[in-house]
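In terms of our numbering, the sequence shown opens at residue 355 and continues consecutively.
Structure record follows, encoded as structure tokens.
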Amino acid sequence: MNRILTLLLSAAAGVVVVIPAGAADRITLGFMTTLSGPNAIIGTEIRDGMQLAVDQLGGKIGGLPARVIVEDDQQKADVARQLADKFVK
355 MNRILTLLLS
365 AAAGVVVVIP
375 AGAADRITLG
385 FMTTLSGPNA
395 IIGTEIRDGM
405 QLAVDQLGGK
415 IGGLPARVIV
425 EDDQQKADVA
435 RQLADKFVK
């Protein structure tokens, strides 16, 4: 149970909103979760739920068009860090 809670919190922390400096015409969401290995079922469900929410909002967040970038952290801390750096850049 504790491991599932940790994975869910990690997935929630993996969602990063990136707004380009000086431009507010689009929102890009970077979404990182585990999509491979034995825990992929959890990551897949979370990804699908987030995508469903964006779809139900008509593809817009705060009135701005939203683009979602989905990445697999492969349950590896070094991969997750590289992806987080990629999202920030």
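All C-beta atoms in this analysis are idealised placements derived from N, C-alpha and C, irrespective of residue type, glycine included.
According to the neighbour-count rule (16 or more other Cβ atoms, all chains shown, within 10 Å of its Cβ), is residue 389 buried or exposed?
-> On the sequence shown, residue 389 is found 35 positions in, with the first residue counted as 1. Answer is buried; the Cβ neighbour count reaches 16.
Can you check DSSP and say which residues form a bridge with residue 407?
-> Here the question's residue 407 lines up with position 53 in the sequence shown. For residue 407, which the question treats as bridged, DSSP gives no partner whatsoever.
Could you tell me the distance, in whole angstroms, from the CA atom of residue 399 to the CA atom of residue 407?
-> Start at 1 with the first residue of the sequence shown, and residue 399 comes out as number 45. Start at 1 with the first residue of the sequence shown, and residue 407 comes out as number 53. Going from the Cα of residue 399 to the Cα of residue 407 covers about 12 Å.
Just grab the DSSP bridge partners of residue 303 for me.
-> Outside the shown range of the chain, which is 355 to 443, sits residue 303, and nothing can be said about it.
How far does the alpha helix (DSSP H) with residue 436 in it reach, from first residue to last?
-> Sequence index remark: in the sequence shown, residue 436 carries index 82 (1-based). Looking at the DSSP string, the run of the alpha helix (DSSP H) that includes residue 436 is 431 to 442.
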